[in-house]
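J.: Converting from the sequence shown to my numbering requires adding 2 to each position, the first position being numbered 1. If you scroll down you'll find the structure; I have some questions about it.
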Amino acid sequence: MANTRFKKPIKAVVFDLDGTLYLSGKPFPGAVKAVQHIASKVPVFYLSNNTSKSPVFYKNRLKRMGLPLQSEDSIISALNLALQRIHEQNIHNVFFFGNNEVTEWFAAQDPNLNIRPSIEETELVLISYHNAFDYKELCEVSWRIQRGIRFWVTHRDFVCPDERGPVPDIGSFLAMFETAYHVRPEVSFGKPDPAMLAPVMQICEPEEILFVGDRLYTDFELAIRSGCKFALPLCGETNRDDLARQARQPDIIAETVADIDFDSLVE
Ligand SMILES: [Mg+2]
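Pasting the structure below:
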């Protein structure tokens with residue numbers, strides 16, 4: 003069926019991961035099949051704010067689930083944007099706060115980076131979504147940022163979805179740092195920053211992109227700021243009561259990704 007809903011047909015689809023395609027690593031029923039289907043018609047991308055794992059980990063996870071990876075840019079990560087900014091600003095001593103696997107990935111991207119600088123050497127603290135830290139690591143960050151050393155965060159989501167209930171994410175860590183030291187990050191990457199869509203914008207116009215995500219203040223906000231179309235599956239964070247409180251409504255609302263009629267959106 004031809005595109006009947008939008009002025010222009012959709013030429014690329016970008017999916018959020020947690021709460022949209024899966025929860026706690028388990029795909030929602032029909033989600034993988036739906037992505038495979040639309041990927042046979044237009045390029046698909048994956049954009050998650052979750053930096054608790056590296057892009058390599060996500061690549062392997064998505065492959066295992068059977069989700070199509072069509073190019074090197076298929077998985078868009080705030081970690082890459084942060085690295086790019088670090089290079090642009092010629093910063094070498096970056097104290098990296100993150101899970102072991104992500105820390106190793108980050109260090110391997112640039113052998114010239116010193117990711118364990120002393121307090122005195124530290125030019126920048128980069129905070130990713132570390133969900134296995136001990137208190138000493140938290141103190142290492144604290145001793146730096148309380149001195150006024152600049153710090154960036156990969157994203158600022160308050161919580162991360164989990165099948166047992168949402169758990170604190172970087173936005174909650176920031177509330178802790180602000181309470182303790184009255185400091186705020188200089189930069190936040192990740193949704194809703196439209197810069198996250200750069201690889202997709204290279205191949206089509208914003209209004210030809212459909213973003214599919216379950217969270218209003220990151221996913222929908224990104225779509226609004228960038229001018230993309232937006233589909234909200236109700237299998238994640240947002241329910242109909244939340245939607246009723248929203249002045250602006252998503253272009254498409256569906257129970258799950260499997261219920262979105264992608265065929266009616268593309269040429
Ligand atoms: Mg989500």
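Glycine included, every Cβ here is placed at the ideal spot set by N, Cα and C. All values derive from a computational prediction rather than experimental measurement.
What would DSSP say about VAL161, mapped onto helix, strand or coil?
T.: Strand at VAL161.
J.: Please find out if some non-hydrogen atom of ligand 2 comes closer than 6 Å to the beta-carbon of ARG217.
T.: The model depicted lacks ligand 2 and carries ligand 1 instead.
J.: Pick out whichever of GLN204, TYR48, LEU128 and GLU269 has its Cα sitting closest to the Cα of ARG87.
T.: Answer by Cα proximity: LEU128.
J.: Given the structure, does GLY238 come close to ligand 1, in the sense that its CB is under 6 Å from one of the ligand's heavy atoms?
T.: GLY238 Cβ: within cutoff of ligand 1.
J.: Taking the C-alpha atoms as reference points, what is the distance between ASP20 and CYS237?
T.: Answer to the nearest angstrom: the Cα atoms are 10 Å apart.
J.: Within the same chain, show all residues whose beta-carbon is closer than 7 Å to that of LYS61, passing over the 5 residues directly before and after it, in chain order.
T.: Counting only Cβ-Cβ distances below 7 Å, and skipping sequence neighbours, we find LEU71 and ILE77.
J.: List, from N- to C-terminal side, the beta strand (DSSP E) runs of 3 residues or more that fit wholly inside the stretch 222-269.
T.: Complete beta strand (DSSP E) runs here, min 3: 231-235 and 254-256.
J.: I'd like to confirm the pairing. Which residues does DSSP put opposite VAL127 in its beta bridges?
T.: Beta-bridge pairing links VAL127 to PHE97 and PHE153.
J.: What number of angstroms, rounded off, separates the C-alpha of ALA109 from the C-alpha of PRO163?
T.: Cα to Cα, the separation comes out at about 27 Å.
J.: On the three-pair Cβ rule with 8 Å, is the stretch 179-187 touching the stretch 234-252?
T.: Not touching, per the Cβ criterion.
J.: Do you know how far the Cα of GLU269 is from the Cα of LYS138?
T.: Whole-angstrom Cα-Cα distance: 55 Å.
J.: For ALA14, tell me which candidate among VAL44, ARG7 and GLU207 has the shortest Cα-Cα distance.
T.: For ALA14, the nearest C-alpha among the options comes from VAL44.
J.: Does the distance from the CB of ILE121 to the CB of ARG158 come in under 7 Å?
T.: No, the Cβ-Cβ distance between ILE121 and ARG158 is not below 7 Å.
J.: Put VAL16 into one of helix, strand or coil per three-state DSSP.
T.: Looking at VAL16 - three-state DSSP - the assignment turns out to be strand.
J.: If you draw a straight line from the alpha carbon of ASN95 to that of LEU23, how long is it in whole angstroms?
T.: If I take the Cα positions, the gap works out to 36 Å.
J.: Under the DSSP definition of a beta bridge, which residues are partnered with ILE211?
T.: According to DSSP, ILE211 bridges with ALA14.
J.: Suppose you measure from the CA of PRO113 to the CA of GLY68; what does that come to, to the nearest Å?
T.: Near 33 Å, if we compare the C-alpha coordinates of GLY68 and PRO113.
J.: How many whole angstroms separate the CB atoms of TRP154 and GLU188, which I take to be in contact at a CB cut-off of 8 Å?
T.: With 8 Å as the limit, TRP154 and GLU188 qualify as a contact, their Cβ atoms being about 6 Å apart.
J.: With a threshold of 6 Å on Cβ separation, who are the neighbours of VAL104 within its own chain once the five nearest residues in sequence on each side are excluded?
T.: Excluding residues within five positions, the ones whose Cβ falls inside 6 Å are SER56 and SER130.
J.: State the DSSP-derived secondary structure class of ILE172, mapped to helix, strand or coil.
T.: In the structure shown, ILE172 sits in a helix (DSSP, three-state: H, G or I).
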